[in-house]
Ligand SMILES: [Zn+2]
Ligand SMILES: [Zn+2]
Ligand SMILES: [Zn+2]
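In the UniProt record's numbering, the protein residues as written are 1 to 491.
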């Protein structure tokens, strides 16, 4: 298995966007365009004890590196596989007496890697970090100040024994990380756990309606061969048919923002003006801001503004209450807000969708499954009208909605939704991803329960009742409850 086969792509001059990647052959939905291991990657400061520093899985009881007492690993295989990347960092942390922040750690790992392997570490690498944009000249004074601060601390951390590097070059690497660093998520895709540099991925330009998606594959933990066991890598996957010569694109931001807001986000974080078709033509902006018509009459603009402002304010309060763990208050705020939105905003309005999303998660956490299912269903219907039909977020939301319906005893809709989610994730994540595997298990379980339901509704419901009182019977699987809890904690 070659992990870095790059024969389906080539670099080309993509006009104003600079360099880009395009397909050299036709591809179909779900095809892996290329896979790429990280050039360097680190776990976030805040999660350094909960996430494996080698494969980026989040799990309990990680082993600690006896030397630096900072790095954590699933097991010996992960630790051994990571040693090459960690050994200089390990010694440097011991010497320095403390752990520098994630950006400094990533810069250091990047420079050690370059000093050891050179700027090009494999035949498949199509660019070097030297050639990537750092956008230092576009940064705001505050951001530049932070870069300077990081460079200063970096120099204190960087061991005397390592080859010395100039301030200018270190700043360049910080700049590259700032606009090209790829956020790594855990194996369930629920939480951002770290950041890494993937040179080939940096060549893929943005489009708000892209033809590819990126996911992190965490390797195969059942494999004892450390190459496959811990070989985490990103995969660029085609979302639909791609023609030979077509530019490959991914989205750097969530599509669920109106074009004006997406453009602002992109400008702020990535320093370019988005000229994609969806932005220039404002496609779907109308749906995202649509109002509810009753008997052919629209609410007044004043009322729409009032409700929108109220919603934004409520969403802030929900976030606050959620961080404080006050879920009763979140539910109260959701219900109050939905009541105001109901007569005014259409089902695809972003404010309404955001409240439905919060409501469905918190309600299902509190085991109000019926009400949660209602919210989740409306949310997925809205998302379906807005997102590309092979969007990973749509797939994840559909999965959560399916599970909620299942828990609510609405087995028919639950099963249908789980099947839909499975079909999306087969494209966006592929058949070997842990989430897809979970979905496959749920699909089989709900299929079995659905059969039972159709044979005898009464028996189904009494079994479900029993299962709710006695978790051993398995209708509400324990692991899923845990998933939902973790999902809530992580957001
Ligand atoms: Zn691991
Ligand atoms: Zn160590
Ligand atoms: Zn755009």
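Glycine included, C-beta positions come from ideal geometry on N, C-alpha and C.
Computed from a prediction, not measured in an experiment: that's the story for all the values here.
* To do: Give the single residue among 431, 257, 429, 231 whose Cα lies nearest to the Cα of residue 284.
  => 257
* Between the Cα of residue 104 and those of 467, 154, 382, spot the shortest distance and give me the residue it belongs to. => 154
* Do residue 211 and residue 264 have their C-beta atoms within less than 9 Å of each other? -> no
* To do: Note down, in chain order, each residue of its chain lying with its Cβ closer than 6 Å to the Cβ of residue 382, except the 5 sequence neighbours on either side.
  => 347, 348, 353
* Excluding the five sequence neighbours on either side, which residues of its own chain have a C-beta within less than 7 Å of the C-beta of residue 183, listed in chain order? -> 192, 195
* To do: Using three-state DSSP, classify residue 294 as helix, strand or coil.
  => strand
* Excluding sequence positions up to five away, which residues of its chain have a Cβ less than 7 Å from the Cβ of residue 551? -> Because the chain here runs from 1 to 491, residue 551 falls outside it and cannot be looked at.
* How would you label residue 302, buried or exposed, when you count the other beta carbons within 10 angstroms and need 16 or more for buried? -> exposed
* To do: Reducing DSSP to helix, strand and coil, say where residue 431 ends up.
  => coil
* To do: Rounded to whole angstroms, what's the CA-CA distance from residue 493 to residue 173? Just pull it up for me.
  => The structure shown does not extend to residue 493, since the chain is modelled only from 1 through 491, so no value can be given for it.
* **Closer than 8 Å: residue 61 CB and nearest ligand 1 heavy atom** => no
* To do: Starting from the N-terminal side, write out each stretch of the alpha helix (DSSP H) that is 4 residues or longer and does not extend beyond the stretch 6 to 34.
  => none
* To do: Let me have the residue list for ligand 1: C-beta closer than 5 Å to any non-hydrogen atom, ordered along the chain.
  => 52, 54, 55, 74, 78
* Near residue 341, which residues of its chain fall below 8 Å by C-beta distance, leaving aside the five closest residues on each side in sequence? -> 307, 311, 349, 351, 352, 355
* **Where residue 199 falls, given that 16 or more other Cβ within 10 Å makes a residue buried** => buried
* **Distance, residue 127 Cα to residue 291 Cα** => 47 Å
* Asked: Nearest to residue 160 by alpha carbon, out of 93, 145, 139, 207?
  -> 93
* Asked: Straight-line CA distance for residue 391 to residue 239?
  -> 8 Å
* Measuring from each Cβ to the nearest heavy atom of ligand 3, keep the ones under 5 Å and list them in chain order. => 208, 274, 276, 279
* How many Å lie between residue 8 and residue 26 at the Cα? -> 9 Å
* Asked: If we count Cβ pairs, one from each stretch, closer than 8 Å, do we get three or more for the stretch 391 to 409 versus the stretch 368 to 376?
  -> yes
* To do: Within its chain, find whatever has a CB closer than 8 Å to the CB of residue 272; leave out the 5 residues flanking it on each side and keep chain order.
  => 17, 206, 266
* Identify which residue in 244, 241, 235, 274 has its Cα closest to the Cα of residue 253. => 274
* Cα separation between residue 434 and residue 296? -> 48 Å
* Check whether the stretch 437 to 451 touches the stretch 409 to 420, counting contact only when three or more Cβ pairs, one atom from each stretch, lie closer than 8 Å. => yes
* Asked: residue 45 and residue 101: beta carbons closer than 9 Å?
  -> yes
* According to the Cβ coordinates, are residue 269 and residue 209 closer than 9 Å? -> no
* To do: State the beta-bridge partners of residue 73 as determined by DSSP.
  => 63
* Counterpart residues of residue 194 in DSSP-defined beta bridges -> 43, 184
* In chain order, what residues place their C-beta within less than 5 Å of a heavy atom belonging to ligand 2? -> 65, 67, 68, 71, 90
* Asked: Taking all protein chains shown into account, do 16 or more other C-beta atoms lie within 10 angstroms of the C-beta of residue 57, making it buried, or fewer, making it exposed?
  -> buried
* Minimum C-alpha distance to residue 167 - residue among 177, 152, 181, 178 -> 152
* Asked: Of all the options 90, 28, 74, 34, which has the alpha carbon lying nearest to the alpha carbon of residue 10?
  -> 34
* To do: Kindly indicate which residue of 305, 361, 32, 6 has the alpha-carbon position closest to the one of residue 217.
  => 32
* Could you tell me which residues DSSP pairs with residue 37 in its beta bridges? => 233
* Thinking C-beta only, is residue 109 closer than 9 Å to residue 89? -> yes
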